[in-house]
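**Student:**
4 protein chains.
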Amino acid sequence: MNVKLVSYTRDGEKVVAIASKMSRSRKGWDYHEKTMTDEEIEVWIRDAILHGYWSVLEHSIYTFSIEGISRVASHQLVRHRIASYTQMSHRFAKPIDEYYKPITPPSVEKRAKEIIEKAYQEAYENYFKLLQDGVPEEDARYVLPNGVNTNIVVTMNARELYNFFALRLCSRAQWEIRAIAWKMLEEVKKVHPRLFRYVGPNCIIHENFIRNEPITLDDVLQKDNIEFISQRCIEGVMRDGILKCIRNSKHVLEYLK
Amino acid sequence: MNVKLVSYTRDGEKVVAIASKMSRSRKGWDYHEKTMTDEEIEVWIRDAILHGYWSVLEHSIYTFSIEGISRVASHQLVRHRIASYTQMSHRFAKPIDEYYKPITPPSVEKRAKEIIEKAYQEAYENYFKLLQDGVPEEDARYVLPNGVNTNIVVTMNARELYNFFALRLCSRAQWEIRAIAWKMLEEVKKVHPRLFRYVGPNCIIHENFIRNEPITLDDVLQKDNIEFISQRCIEGVMRDGILKCIRNSKHVLEYLK
Amino acid sequence: MNVKLVSYTRDGEKVVAIASKMSRSRKGWDYHEKTMTDEEIEVWIRDAILHGYWSVLEHSIYTFSIEGISRVASHQLVRHRIASYTQMSHRFAKPIDEYYKPITPPSVEKRAKEIIEKAYQEAYENYFKLLQDGVPEEDARYVLPNGVNTNIVVTMNARELYNFFALRLCSRAQWEIRAIAWKMLEEVKKVHPRLFRYVGPNCIIHENFIRNEPITLDDVLQKDNIEFISQRCIEGVMRDGILKCIRNSKHVLEYLK
Amino acid sequence: MNVKLVSYTRDGEKVVAIASKMSRSRKGWDYHEKTMTDEEIEVWIRDAILHGYWSVLEHSIYTFSIEGISRVASHQLVRHRIASYTQMSHRFAKPIDEYYKPITPPSVEKRAKEIIEKAYQEAYENYFKLLQDGVPEEDARYVLPNGVNTNIVVTMNARELYNFFALRLCSRAQWEIRAIAWKMLEEVKKVHPRLFRYVGPNCIIHENFIRNEPITLDDVLQKDNIEFISQRCIEGVMRDGILKCIRNSKHVLEYLK
């Protein structure tokens, strides 16, 4: 799996901050563009997020190329409707020869690697036989496994990314889309750390909705003295289990190394 | 494959017509509700569609249960983002025993039925072995074929249906989603014939954008003297080939009987 | 102001419950349609909402005719993008004679009724003069006041309504759109009490995200022993003030009587 | 009125072209990024647009600051739902002193300038009186004219821009939003001429859907030998009138100078 940020709003943090300020100001863009300090950028972003003023985050946008994922994962991914997708079509781009690299889940890697390798091999042979019998690609692929690899280009704005991360960084998300989410997070944090400072699974997002002093995902991953006010997360994990649950979620990255 | 309209805006045609009239009138809903005649309903709907005033069509909404389709088709279906979906999850609802009924494409049915049956059988056995080895359902399904059957509940409004039909009634659409589209069309035409009178693949939609007297899909399917003004359809089929192309598209329904 | 539910998914609660169940079941719509009990409907709806499984709520849809509101309010309303709107056009439907009924805010009613009446009268006269000088309606309306009355047809699904209510039942929302929201709530609760049982301003929605035993808006309005776990609401109201804040929000309805 | 492109996808044309190519290719982003020539970029963009493969255009995004427009125009603008908006709030940013600059339509400028100036002055005075009487800003603004000036930050992707231009470059669009559209077009053409080469009002878009050799807006504005195949445009203008109609539409820019 390869997740790469291939394009994004270069000055996205400033754009979000200026837009946010312009809703309260009578002055125009040029004035704010010239006068806004780095500190102000941080404050406007922080206030927008912590008061649920999400719409301004839509002005900063990110395009990822996500390569070598299964069609199980791509099917889940495209269910996020406030986003743009361009997917490798198996109608036109045959996954044959060295391009046939179906995905093996960690749970299978450990227990049943031979079975899945045989399964993927058989599926490939059957696919090829269908092609040789004159069946068109778009129909032959019905016998390809759900785990078959695909590539997809995805564009999401920062608001939708907050929503995507809330759902997919959660340990209840399936391992593959969860791994994609953690990798996307690494990418956007590198370029816009202030904008993605308060990102997290729903347990953290919801906690910050109701709490005076916000906590961050980094706090939760690094410190041991974080206490949640929430009695439970929305998925049903009780207060005491939440920290461990978040850390478990991230372990998927280690497997992939 | 089973496509059933399970819920819809009962008075959808009237709702669309009243909304359309209210944009031009100072009177309220009650007045129009009481006074609008059947003829008026027809005129307001027709005018809205033929002048591209699409937004009023959003007030009439349709829910389908689409059962026994492949995950190839469901993956294409959910790419239509202005719609609502609830899909049978293979994480929770195992497609085993009599519930394992993968889809066989027509092109394979004719040429290579044995190969696909063997392929589907092998995939099933491998899936079962993974389950027996303790692999969770959500991971074992990586070896299930793309053709594996699923059910999905879909809600679309009439405007999005016009767009969906424009793309998916076209002979360039893959046979399975094309068959779904033709069946959805049969369902909505039964209940709202006036609202879906001008539906068609893009060649017909685009022709009516630029033509004085509109043509309908029924005209094209039943009459031989329809002449297109369009030089080509957007997919590149030239004027002379369009009629035949549309009729070919519908043939998929015959295979499925 | 007149807010009327003019069309909706008759069996919306059952549709939501069946869709929700179908995501977990291998059986089709017909089976669930025949076998689902009223108790089951309640449980599936409740579980969907309390675990944030919002997407199934999109299958139940509501159309309102909202009449006699200002363009201040309609401008705020149409900012909710996951909805469908058809608005009375002042380009075509002149707000003259008895149709000119601009809205007077409660705060002005009490303090400065004469000023606003004079202002509205002057604006009307200037508008008329422009029309008489041959200025087209669409340009003459530039001098009409923001408070000028309009009608709008709005369609939203139950999920978007939860979001709309979360923002607009809040006492921080402007009084007019807040009044619209409270009236829309009355309408939908009459027809689908189970589906809208957990609706509320964000303080209640967020509280239920993190709490074992959910509270309802009715609880908050009627009982005195409700205790919030939340330290603050997202708008910054502290725990002790939340109950009073919610009740204040609803007072707008009394003014309008 | 001031329309400024304040942020956009720098390499947007290449991003669109690569995404488009990746749907047909088994290779990843890096390969295409390194190998794609300028000629290829042009071909992939052209093919996408002329065959209605619009979704790839969503990966290139544009943010405008639109300043000094009326609330008539902003109300129309925000009806385009596939976009992001941040608007100056008259709840918080009072349009007083030198910031009160309501918009005068061209038709009024010519005929009835004194009336509108008086109207705007009276409205301002009434607004001020309400403020002085203790009416909050958010309610006092009910007497402000529809023509009152506002600023708005707008983000749209290239696909939505094509749709926006199709509707708003048309001479049937109201003069102010039409002027905004022509100015937005100037901005995006400067930075991405290849991506916006086929933009135009619906008459041109629809003509190119059905025509072998595409025409462009520049052709129509500069050449006299352009012949339409369309019998009429979707708004009802007959073939012979279309060219003149398009040129008339653009005249709005001259008034604004």
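Residue numbers (full-length UniProt numbering), protein chains in the order written: chain A, 1 to 257; chain B, 1 to 257; chain C, 1 to 257; chain D, 1 to 257.
Note that beta-carbon positions come from the ideal geometry of N, C-alpha and C, so glycine has one too.
1) Smallest Cα separation from isoleucine 246 of chain A: which of A:Phe165, A:Gln87, A:Leu195 and A:Pro193?
2) In chain order, what residues of the same chain have a beta carbon less than 6 Å from the beta carbon of lysine 14 of chain A, not counting five sequence neighbours either side?
3) 8 Å is my cut-off, CB to CB: does proline 66 of chain A come that close to chain C?
4) Quick one: which chain C residues come within Cβ less than 7 Å of histidine 206 of chain A?
5) Closer than 9 Å between beta carbons: that is the criterion. Which residues of the stretch 220–235 of chain B meet it against chain D?
6) Report the partner residues of valine 3 of chain A according to the DSSP bridge assignment.
7) For chain B, check one thing: does any of its Cβ atoms lie closer than 8 Å to the Cβ of glutamine 174 of chain A?
8) Between the Cα of alanine 83 of chain D and the Cα atoms of A:Ile69, A:Pro102 and A:Arg159, which residue gives the shortest distance?
9) Quick one: give me the first and last residue of the beta strand (DSSP E) that serine 84 of chain D is part of.
10) Beta-carbon within less than 7 Å of leucine 130 of chain C's beta-carbon, same chain only, minus the 5 sequence neighbours each way: which residues are those?
11) Just verifying my parser: in three-state terms, what is the DSSP assignment at proline 145 of chain A?
12) Between the stretch 46–59 of chain C and chain A, which residues of the former have a C-beta closer than 7 Å to a C-beta of the latter?
13) Would you say proline 136 of chain D lies against chain C (beta-carbon separation less than 8 Å)?
14) In chain order, which continuous runs of the alpha helix (DSSP H) of length 4 or greater are located wholly inside the stretch 80–138 of chain D?
15) Using alpha carbons as the reference points, say which of D:Thr35, D:Ile115 and D:Pro145 lies closest to tyrosine 124 of chain D.
16) Give a yes or no on whether the C-beta atoms belonging to threonine 9 of chain D and isoleucine 61 of chain D are separated by under 8 Å.
17) Could you please give the first and the last residue of the uninterrupted alpha helix (DSSP H) stretch that includes cysteine 245 of chain B?
18) Rank A:Gln76, A:Tyr100 and A:Glu98 by C-alpha distance to the C-alpha of arginine 91 of chain B and give the top, closest one.
19) When the Cα atoms are used, what is the spatial distance from valine 188 of chain D to valine 16 of chain D?
20) Threonine 155 of chain B by DSSP, collapsed to three states: which one?
21) Check the Cβ of arginine 10 of chain A against every Cβ in chain D and list those closer than 7 Å, keeping chain order.
22) Using 8 Å as the cut-off, can you tell me whether the stretch 91–109 of chain B makes contact with the stretch 38–57 of chain B, which would need three or more C-beta pairs spanning the two stretches below that distance?
23) Round the Cβ separation of asparagine 157 of chain B and glutamate 58 of chain B to the nearest angstrom and send it over; I've been treating them as touching at under 8 Å.
24) Determine, using beta carbons only, whether cysteine 203 of chain A and isoleucine 242 of chain A come nearer to each other than 8 Å.
25) Step through the CB atoms of chain D and report whether any lies within less than 8 Å of the CB of threonine 35 of chain A.
26) According to DSSP, is methionine 238 of chain B part of a helix, a strand, or is it coil?
27) Using C-beta distances below 7 Å, list every residue in its chain close to leucine 217 of chain C, excluding the 5 sequence neighbours before and after it, in chain order.
28) Please return the same chain residues whose Cβ sits closer than 7 Å to the Cβ of lysine 94 of chain A, not counting the five positions on each side in sequence.
29) Less than 8 Å between the C-beta atoms of valine 191 of chain A and leucine 5 of chain A, yes or no?
30) By the three-class DSSP mapping on this structure, what secondary structure does threonine 150 of chain D have?
31) Assign arginine 24 of chain C to one of two classes, buried (16 or more other C-beta atoms within 10 Å of its C-beta) or exposed (fewer than that).
32) Who are the Cβ neighbours of valine 148 of chain D in its own chain at under 7 Å, not counting the five residues just before and after it?
33) Ordered along the chain, which non-local residues of its own chain (more than five positions away) have a Cβ less than 7 Å from that of valine 220 of chain A?
34) Alpha carbon to alpha carbon, what distance is there between phenylalanine 64 of chain D and phenylalanine 209 of chain B?
35) Which partner residues does arginine 232 of chain A have in the DSSP bridge list?
36) When DSSP builds the beta bridges, which residues end up paired with isoleucine 61 of chain B?
**Tutor:** Let me spell this out:
1) Here the question's residue 246 of chain A lines up with position 246 in the first sequence. Comparing Cα-Cα distances from isoleucine 246 of chain A to each of A:Phe165, A:Gln87, A:Leu195 and A:Pro193, the minimum goes to A:Phe165.
2) In the first sequence, residue 14 of chain A corresponds to position 14, counting from 1. Here the set comprises Ile41.
3) Translated into positions along the first sequence, residue 66 of chain A becomes position 66. According to the sequence shown, residue 66 of chain A is isoleucine rather than proline. By this cut-off, isoleucine 66 of chain A is not an interface position.
4) Locating residue 206 of chain A in the first sequence gives position 206, where the first residue counts as 1. In chain order: His206, Phe209 and Ile210.
5) Phe228, Ile229, Ser230, Gln231, Arg232, Cys233, Ile234 and Glu235
6) Here residue 3 of chain A corresponds to residue number 3 of the first sequence, with the count starting at 1. In the DSSP output, where bridge partners are listed per residue, valine 3 of chain A has A:Ile66.
7) Within the first sequence, the letter at position 174 stands for residue 174 of chain A. Chain B contact via Cβ: present.
8) On the fourth sequence, residue 83 of chain D is found 83 positions in, with the first residue counted as 1. Looking at the Cα atoms, A:Arg159 is the closest of the given residues.
9) The count along the fourth sequence starts at 1 and reaches residue 84 of chain D at position 84. That run of the beta strand (DSSP E) goes 84–87.
10) Here residue 130 of chain C refers to the residue found at position 130 of the third sequence. Here the set comprises Ala140 and Val143.
11) Counted from its first residue, the first sequence places residue 145 of chain A at position 145. Proline 145 of chain A falls in the strand class under three-state DSSP.
12) His51 and Gly52
13) Here the question's residue 136 of chain D lines up with position 136 in the fourth sequence. Proline 136 of chain D counts as touching chain C.
14) 106–111 and 113–132
15) Position 124 of the fourth sequence, counted from the first residue, corresponds to residue 124 of chain D. The shortest Cα separation from tyrosine 124 of chain D among D:Thr35, D:Ile115 and D:Pro145 belongs to D:Pro145.
16) Taking the fourth sequence and counting its residues from 1, the one referred to as residue 9 of chain D is at position 9. Taking the fourth sequence and counting its residues from 1, the one referred to as residue 61 of chain D is at position 61. Yes, these two residues count as a Cβ contact at 8 Å.
17) Residue 245 of chain B sits at position 245 when you count from the first residue of the second sequence. Per DSSP, cysteine 245 of chain B belongs to the alpha helix (DSSP H) from 242–250.
18) Residue mapping note: residue 91 of chain B aligns to position 91 of the second sequence, counting from 1. Checking every option, the nearest Cα to that of arginine 91 of chain B belongs to A:Gln76.
19) Taking the fourth sequence and counting its residues from 1, the one referred to as residue 188 of chain D is at position 188. Taking the fourth sequence and counting its residues from 1, the one referred to as residue 16 of chain D is at position 16. Distance between the alpha carbons of valine 188 of chain D and valine 16 of chain D: 15 Å.
20) In the second sequence, counting from the first residue as 1, residue 155 of chain B sits at position 155. Looking at threonine 155 of chain B - three-state DSSP - the assignment turns out to be strand.
21) Looking up residue 10 of chain A in the first sequence gives position 10. Ordered by position in chain D, the residues that pass the 7 Å Cβ test against arginine 10 of chain A are Arg10.
22) no
23) Here residue 157 of chain B refers to the residue found at position 157 of the second sequence. Here residue 58 of chain B refers to the residue found at position 58 of the second sequence. Indeed they touch by this definition, with Cβ atoms about 5 Å apart.
24) If you number the first sequence from 1, residue 203 of chain A lands on position 203. If you number the first sequence from 1, residue 242 of chain A lands on position 242. Going by C-beta atoms, cysteine 203 of chain A is nearer than 8 Å to isoleucine 242 of chain A.
25) Along the first sequence, read from residue 1 onward, the residue named residue 35 of chain A stands at position 35. So no, threonine 35 of chain A is outside the interface.
26) Here residue 238 of chain B corresponds to residue number 238 of the second sequence, with the count starting at 1. Methionine 238 of chain B falls in the strand class under three-state DSSP.
27) Along the third sequence, read from residue 1 onward, the residue named residue 217 of chain C stands at position 217. Within the same chain, leucine 217 of chain C has close Cβ partners Val199, Gly200 and Ile204.
28) Within the first sequence, residue 94 of chain A is the residue found at index 94, counting from 1. The residues are Glu137.
29) The sequence position of residue 191 of chain A within the first sequence is 191, counting from 1. The sequence position of residue 5 of chain A within the first sequence is 5, counting from 1. In contact: valine 191 of chain A and leucine 5 of chain A (Cβ atoms closer than 8 Å).
30) Position 150 of the fourth sequence, counted from the first residue, corresponds to residue 150 of chain D. DSSP places threonine 150 of chain D in strand when its eight states are reduced to three.
31) Within the third sequence, numbered from 1, the residue matching residue 24 of chain C stands at position 24. Answer is exposed; the Cβ neighbour count stays below 16.
32) Numbered from 1 along the fourth sequence, position 148 holds the residue referred to as residue 148 of chain D. Counting only Cβ-Cβ distances below 7 Å, and skipping sequence neighbours, we find Ser70, Arg71, Pro95 and Pro102.
33) As a position in the first sequence, residue 220 of chain A is number 220, starting the count at 1. Around valine 220 of chain A: Ile204, Ile226, Leu243 and Ile246.
34) Here the question's residue 209 of chain B lines up with position 209 in the second sequence. Here the question's residue 64 of chain D lines up with position 64 in the fourth sequence. Computed Cα separation, rounded: 31 Å.
35) The residue you call residue 232 of chain A lines up with position 232 of the first sequence. According to DSSP, arginine 232 of chain A bridges with A:Met238.
36) Here the question's residue 61 of chain B lines up with position 61 in the second sequence. DSSP, once it has assigned bridges, lists B:Asn157 as partnering isoleucine 61 of chain B.
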